[in-house]
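To start, the structure under review is shown below, and the notes come after it.
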Amino acid sequence: MNATAVIFGRYTLLMPYRILFISAEYAPLAKTGGLADVSSALCHYLHSQGHDVRVFLPWYRELNRTGLTVEPVASLESLALNVGEHRYEYRVLVGTPPGSQQPVHFIDCPALYDRNGFYGHADDHRRFLLLTRAAFEVAQRMAFAPHILHCNDWHTAFAPLYLRTNYAWDRLFAATRSVLTIHNIGYQGVFWSVESGDLSLGDARWMLHQDDLRDGRVNPLLHGVMYADLVTTVSPTYANEIRTPSYGAGLDPFLRDRGSQVIGILNGVDYAEWDPRHDAHLGDARYSAQDLSGKRAARRAVARELSLSLGPKTLLFGIVSRLVSQKGIDLLEEVLPDVLSQHDCALAALGSGEPQFEGFLTRLSTDFPGRVHFTRGYSERRAHWIEAAADAFLMPSRYEPCGLNQMYSLRYGTVPIVRRTGGLADSVTPYSRTTGLGDGILFDDYSPGALRAAIDQALSLFGSAHWDRMIQNGMARDFSWQTQGKLYLDAYRDLVGPV
Ligand code: ADP
Ligand code: GLC
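Residues 590 to 1088 (my numbering) are what the sequence shown spells out, left to right.
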């Protein structure tokens, strides 16, 4: 227990923060990307430090229920909420995911969540407004007075406005301060203003962004930026970038207005999941910085499984990614065919997303049989194996709020080749042949030429003592939540003071 300690004479009282945490994703239950990893790892950290965290997540049809048992909460069984003119009935289930100590409160509303996919429905705004408001209503019924209301991304970004409007009458929330974490400003959840009645704001409708309303839009993320007491994002560099027109996706003026109330905290890594020394997926191929023989075994196993023919000097590139324009796949399209034609290298790629990028990787695997394998889809297990087996990891993102795979790569002795943006810039240090310091290869311009130069640098270093140095430097880096989580606690403390 390490909750804020208050010392009264001889007695030290442990005073935990009460945190209401709302997210659309939470690993391993509901995950499409890093939002899930970060939500659960941060909550685990806060819980481990003695804080009282109540996590709210939809009871999606596609929730990963492996090892999960849930119970309905007796007093929270037949609840109902009006979202504008739509009335929804829901109940609350509570369960603790396997391997975790932190319970999750599930909002079971079949009309909204008993469907395929986590996102992509015409009424998504209502689905997440219900989640957001149910978190308040359930807190009221549990008499849970949060110090911190922590919401994430556009899905739950109306929470800070609700705190100032619909729920402001309730003394339970009188001392509550709100935090919005932006994991990705590229997704803002905009919906038509004809549906703005779904916000149920009544007289407080004037607090909506009026120009947008006149233009026929409601932008959830924008309202989070306007009304959260603190806006955080997932790396310091991204916090600066999103204040500029090139990266702010239209929200940059609003972020600039918030001044010092916008901060960047680099994500941490859940090393219980992502460490080759005890990676549950790797079996006998586990390894450490002192003994990399398991990494070589992983490479052989992956080569066998994916039918890749790898010589001793073949540089194996890895990619694990959502295949969307954010991730710089179009640059790879320009560069990889030549690289594969000209050099002794291979590629193991895993991902799914936009058809054009899936199509490119499929073509590449046809054009380079035995050299390129593309797994189209989602596989936790294969993601771990690729991290372990690859020599270098490609992440040439157009923008990257934080990025987790480059940090996993560092721990797995897989040299990251990344564009110097967002969290990639904050987590990968350029290798210097002169000093022997650094753990990856970075490039600046979003151009095929710049990516090609970075890949050429990797090819020239591979197999040399420099490469081994880079691996050792990377494996020694530490992005644990023990360090990063403290920064969230500092931010909470700045908002509400020590409790
Ligand atoms: P983003 O959240 O933008 O997708 P991150 O790097 O923060 O990017 O996090 C991505 C997370 O999702 C990582 O844990 C990564 O391993 C995982 N991931 C992405 N695509 C796949 C896939 N096809 N199969 C398995 N895991 C994936
Ligand atoms: C987003 C970002 C990614 C970040 C993740 C978790 O999906 O694209 O960079 O690591 O959220 O914060």
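All C-beta atoms, glycine included, are put in the ideal place defined by N, C-alpha and C.
Taking just the CA atoms, how far does residue j sit from residue i?
| i | j | result |
| --- | --- | --- |
| W719 | F780 | Residue identity differs from the one stated: residue 719 is Leu in this sequence, not Trp. Cα to Cα, L719 sits roughly 15 Å from F780. |
| T601 | A869 | Unreliable positioning characterises T601 in this predicted model, as indicated by a pLDDT of 43, which lies under 50. The coordinate reading is nonetheless provided below. In a straight line, the C-alpha of T601 is about 40 Å away from that of A869. |
| L1144 | R1022 | Nothing can be reported for residue 1144: it is not among the residues displayed for the chain, which extend from 590 to 1088. |
| N591 | C632 | Summary for N591: the model assigns pLDDT 47, below 50, so the residue's position carries little reliability; its value from the coordinates is reported in the next sentence. Cα-Cα distance, rounded: 14 Å. |
| D841 | T821 | 14 Å |
| S612 | K620 | 11 Å |
| Q1073 | Q799 | 37 Å |
| F944 | G709 | For the sequence presented, residue 944 should be read as Pro rather than Phe. The alpha-carbon atoms of P944 and G709 are separated by roughly 16 Å. |
| V823 | G706 | 25 Å |
| L635 | D641 | 8 Å |
| Q1046 | A669 | 60 Å |
| D1079 | F949 | 45 Å |
| L895 | L1050 | 26 Å |
| A748 | G883 | 47 Å |
| R806 | S782 | 5 Å |
| Y836 | W974 | 33 Å |
| W788 | N856 | Checking the sequence shown, residue 788 turns out to be Leu, not Trp. Each residue's alpha carbon lies about 31 Å from the other. |
| F733 | D712 | 29 Å |
| G1038 | L925 | 12 Å |
| R676 | R716 | 12 Å |
| N671 | L750 | 17 Å |
| Q638 | V627 | 16 Å |
| L1026 | T721 | 46 Å |
| D880 | M1064 | 12 Å |
| R599 | G673 | With a pLDDT of only 49 at R599, under 50, the local geometry of the prediction cannot be trusted, and the value read off the model is given with reservation. Each residue's alpha carbon lies about 54 Å from the other. |
| G778 | L769 | 15 Å |
Check the DSSP bridge columns for residue i and list the partner residues they point to.
| i | result |
| --- | --- |
| C740 | I611 and L769 |
| G1029 | P1019 |
| T821 | T770 and I852 |
| S941 | R911 |
| I1006 | L983 and I1030 |
| V807 | F780 |
| A1124 | Within the shown structure, residues of the chain are numbered from 590 to 1088, placing residue 1124 beyond reach of any answer. |
| Y677 | L670 |
| T833 | According to DSSP, which records beta bridges pairwise, T833 is partnered with nothing at all. |
| E660 | V683 |
| R965 | G940 |
Am I right that residue i and residue j are in contact with their C-beta atoms under 8 Å? What's the rounded C-beta distance?
| i | j | result |
| --- | --- | --- |
| H932 | L802 | Between L802 and H932 the Cβ distance is about 55 Å, and since that is not below 8 Å, they are no contact. |
| W648 | Y702 | 6 Å |
| H736 | A764 | 7 Å |
| R1009 | F1032 | 7 Å |
| Y1001 | E976 | 4 Å |
| L682 | V659 | 4 Å |
| R888 | A746 | Not really, about 43 Å apart at Cβ, beyond 8 Å. |
| G775 | A817 | Actually they are not in contact, since the Cβ atoms of G775 and A817 sit about 19 Å apart, beyond 8 Å. |
| V858 | L993 | 7 Å |
| R730 | L819 | With a Cβ gap of about 27 Å, R730 and L819 do not count as contacting. |
| V961 | L921 | Rounded, the Cβ-Cβ distance is 11 Å, inconsistent with contact. |
Leaving aside the five residues before and after residue i along the sequence, list all residues of the same chain whose C-beta is less than 6 Å from its C-beta, in chain order.
| i | result |
| --- | --- |
| N1062 | D1028 |
| A886 | A874 |
| K916 | S910 and S986 |
| P687 | G656 |
| I908 | A938 and L983 |
| S629 | Y615 and A616 |
| A892 | L899 |
| G1086 | none |
| I1060 | G1002 |
| G942 | R911, L912 and V913 |
Grab me the residues of residue i's own chain with a C-beta within less than 7 Å of its C-beta, minus the 5 sequence neighbours each way, in chain order.
| i | result |
| --- | --- |
| T754 | L790, A793 and M796 |
| L752 | L738, F762, T765 and S767 |
| W863 | Y997 and R1000 |
| V1088 | T593, M604, Y606 and H736 |
| F725 | Y751 and Y756 |
| G1052 | K902 |
Please work out which residues of its chain come closer than 8 Å, Cβ to Cβ, to residue i, disregarding the five sequence neighbours upstream and downstream, and give them in chain order.
| i | result |
| --- | --- |
| D927 | R1041 |
| T826 | G853, T1010, G1011, G1012, A1014 and D1015 |
| S1069 | G857, V858 and Y860 |
| R832 | D841, L844, R845 and V851 |
### Query
So does the segment 889–906 actually touch the segment 985–994, counting three or more Cβ pairs closer than 8 Å?
no
### Query
On the three-pair Cβ rule with 8 Å, is the segment 801–815 touching the segment 737–751?
yes
### Query
Does the segment 840–857 come close enough to the segment 956–972 that 3 or more CB-CB pairs lie under 8 Å?
no
### Query
Should the segment 685–701 be called in touch with the segment 633–652, which here means at least 3 C-beta pairs below 8 Å?
yes
### Task
Assess, as a yes-or-no matter, whether the segment 973–984 is touched by the segment 998–1014 under the definition of 3 or more beta carbon pairs within less than 8 Å.
yes
### Query
Is there contact between the segment 950–964 and the segment 1074–1084, where contact requires at least three CB pairs shorter than 8 Å?
no
### Query
Mind listing, in chain order, the residues whose beta carbon lies closer than 7 Å to a non-hydrogen atom of the ligand ATP?
Summarising the ligand content, the structure contains the ligand ADP and the ligand GLC and does not contain the ligand ATP.
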